[in-house]
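Counting in this note's numbering, the sequence shown runs from 616 upward without gaps.
Backbone N, C-alpha and C fix where the C-beta goes; we use that ideal spot for every residue, glycine too.
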Amino acid sequence: MMEANTKIIALNGTNYHLWKGKMKDLLFVKKMHFPIFATQKLDSMSEEDWDFEYQ
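Here is the structure:
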């Protein structure tokens with residue numbers, strides 16, 4: 616898989632609204648959103664994986 620160079624804007628006291636959207640998009644693109652937005656375990660996920668993600 617080819618990785619794209621991604622520059623993330625630094626969070627400061629004035630740009631939260633921009634940073635939040637870009638960070639959420641990045642999580643979805645990298646398929647890292649599940650641990651943050653999930654409310655219940657997927658059937659395909661093992662108990663060990665679930666416990667690891669949500670400890």
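Using 8 Å for Cβ pairs, my map puts residue i next to residue j. What's the rounded Cβ distance?
{"i": "Ile624", "j": "Leu633", "result": "6 Å"}
Which same chain residues, not among the five before or five after residue i, have their C-beta less than 8 Å away from its C-beta?
{"i": "Met638", "result": "Ile623"}
Between which residues of its own chain and residue i is the CB-CB distance below 7 Å, once the five residues before and five after are set aside?
{"i": "Trp665", "result": "Lys656"}
{"i": "Glu662", "result": "none"}
{"i": "Asp658", "result": "none"}
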